[in-house]
Ligand code: TEU
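Numbering (full-length UniProt numbering), first residue to last: 1 to 556.
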């Protein structure tokens, strides 16, 4: 198999507004990231993925772009961006941008033109449909609640927005749209950017005729995926993108693909498919959907280990030798892993954070570490709706509690505390000074109040911290073709307490065993006496006895 730099890399995701503020306005910025580059380097990461930093009205925290060639003023400007890129490269860090081209902001000049009149040259940059003001063109529900159709009084037509009405979908059928996207990609790649994470890229090709979604009962929350994801022309668009842009540069590409299936991902990331390098799939992070489809992701049910193992193992085997996985527990859209999949109690937080890290980083694929995951940062445990800022969370509360009365206040507050995206967006915890060293001003979003115990400064002083465990995991990947290229075999899939799997490559075996419970269990696996303990989150090894959240890797 051809070996690519991004297959051995570990990627650190920076959510700029919550990483480091440098000018005291309470919002993270590019100058702040420059200051913290040595920290990212110390962790051992190879690449930084930067969430959107383009000019935006911030309806969806930058995922509504009004100018693809300008930096959001609160983050800095193009000059500071060039300095960030140069300093990252000087440290041997690559920088990948977030490409958001399924939709723009409604404040983008293309949309401002498009909505002026039906015969405006930009009209077909977006998806417009005639229709009765009281009857949307179909039953598609926006990810952020309500219909995906907004009626424009001036031109008496609807426009499509899978997300907020301030995020109109681009019309990818239009070759001029595609050419404009290729141009904006070249603008950043010619600066030396090392690739793109592509936002909901498998939603860009809408099905002909825009047919109704099969399940109108959950029209509120993304019922569009079954009918829109992986549309008819997606491969063609990705091949055109690769042929006209990506193939001209030594860059990486990762497509965020909600509800993508393994057989399609092999098409998108096939090593000779000429499309993308890897995908973010969602199977392991959507296991706890509410049993009432109208409530969607909002739930506080624990994630069952057998289902989690099945979701991850399915992707390990499906792409082995055919495509390439991204490996992640967290990002800016998901709850903090140690709270959602581990145990964030004081007794077990560090042990389970390390257990999750080892379980994921010993798999095949490119690992992504979301800022703060390497510290074992937890969910925010907010108690008032006023503490939340995420459009998705606030729209869901309003729809489900106030309008549809499907969920009561207390239950929804539990659901938000479990699943809200704001759990991942509380500011990075640097030290135990005021606002944890994130800002000298008023933070845009409240900090997690446990920052005095969980912070970079404390963990750098503790050789047994989650930080140093992640540093070891990353170093092991850099030294081992077995970890990078080995195949994957799950052991005991029905085991509801322990996640065990093997990796094999060129005659060597890696055995990974993780106890996902807070109690001791006994398991024995056939291994040669010559096996060597590669890494464990405990200081010693009791062989067949697995202590609470004990995780270990053997090589032989
Ligand atoms: O997320 C797409 C997506 O699938 C999310 O809406 C996810 O399903 C949901 O948030 C889970 O609760 C991408 C970006 O990562 C997200 O931040 C943006 O809000 C969204 O696209 C629109 O650009």
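Every residue gets a Cβ at the ideal spot worked out from N, C-alpha and C, and that includes glycine.
Check: Burial state of residue 383, where buried means 16 or more other Cβ atoms lie within 10 Å; Outcome: exposed
Check: Where residue 430 falls: helix, strand or coil (DSSP); Outcome: coil
Check: Bridge partner(s) assigned by DSSP for residue 152; Outcome: 157
Check: Rounded distance between the beta-carbons of residue 288 and residue 370, thought under 8 Å; Outcome: Contact flag wrong, Cβ pair sits at about 19 Å.
Check: Same chain, Cβ closer than 7 Å to residue 32, neighbours up to 5 away in sequence not counted; Outcome: 19, 20, 21 and 22
Check: Residue 49 in three-state terms, based on DSSP; Outcome: strand
Check: Exposed unless 16 or more other CB atoms sit within 10 angstroms - verdict on residue 563; Outcome: Residue 563 is absent from the model: the chain starts at 1 and stops at 556.
Check: Nearest residue (CA-CA) to residue 6, options 269, 78 and 58; Outcome: 269
Check: Counted within 10 angstroms of its Cβ, other Cβ atoms place residue 514 as buried (16 or more) or exposed; Outcome: buried
Check: Span separating the alpha-carbon of residue 266 from that of residue 345; Outcome: 39 Å
Check: The ligand TEU heavy atom lying under 8 Å from the CB of residue 60; Outcome: yes
Check: Neighbourhood of residue 97 by C-beta, 7 Å cutoff - its chain only, sequence neighbours within 5 removed; Outcome: 50, 188, 193 and 196
Check: contact_flag[the region 75–89, the region 413–431] where n(CB pairs < 8 Å) is 3 or more; Outcome: no
Check: Closest Cα partner of residue 524 within the set 422, 518 and 501; Outcome: 501
Check: Length of the line joining the Cα atoms of residue 206 and residue 541; Outcome: 54 Å
Check: The region 372–382 / the region 440–450 touching (three or more Cβ pairs under 8 Å); Outcome: yes
Check: As assigned by DSSP and simplified to three states, the class of residue 532; Outcome: strand
Check: Spatial neighbours of residue 391 in its chain, beta-carbon cut-off 7 Å, leaving aside the 5 residues before and after; Outcome: 59, 60, 144 and 164
Check: CB-CB length for residue 29 against residue 75, believed under 8 Å; Outcome: 5 Å
Check: Heavy atom of the ligand TEU within 8 Å of residue 166 beta-carbon; Outcome: no
Check: Endpoints, the alpha helix (DSSP H) within which residue 458 is located; Outcome: 456–460
Check: Simplified DSSP state of residue 278, which is helix, strand or coil; Outcome: strand
Check: Simplified DSSP assignment, three categories, for residue 402; Outcome: helix
Check: Every unbroken beta strand (DSSP E) within the region 240–313, with a cutoff of 3 residues, ordered by chain; Outcome: 252–256 and 278–280
Check: Inter-residue spacing [alpha-carbon to alpha-carbon] between residue 213 and residue 228; Outcome: 9 Å
Check: Distance cut-off 8 Å: residue 106 Cβ against heavy atoms of the ligand TEU; Outcome: no
Check: Neighbourhood of residue 140 by C-beta distance below 6 Å, restricted to the same chain and skipping five residues each side; Outcome: 148, 213 and 224
Check: Buried versus exposed, by CB contacts within 10 Å (16 or more), residue 258; Outcome: buried
Check: Candidates 504, 184 and 464, of which the one nearest residue 481 by Cα; Outcome: 504
Check: Collapsed DSSP secondary structure at residue 450 in the structure displayed; Outcome: helix
Check: Exposed unless 16 or more other CB atoms sit within 10 angstroms - verdict on residue 168; Outcome: buried
Check: Other residues of its chain near residue 508: CB distance less than 6 Å, five sequence neighbours each side excluded; Outcome: 482
Check: Proximity test, residue 368 beta-carbon vs the ligand TEU heavy atom, cut-off 8 Å; Outcome: no
Check: Identity of the residue in 44, 67 and 42 nearest residue 53 by Cα; Outcome: 67
Check: Span separating the alpha-carbon of residue 281 from that of residue 549; Outcome: 26 Å
Check: Length at least 4, wholly inside the region 11–90: the alpha helix (DSSP H) runs in chain order; Outcome: 30–43 and 78–90
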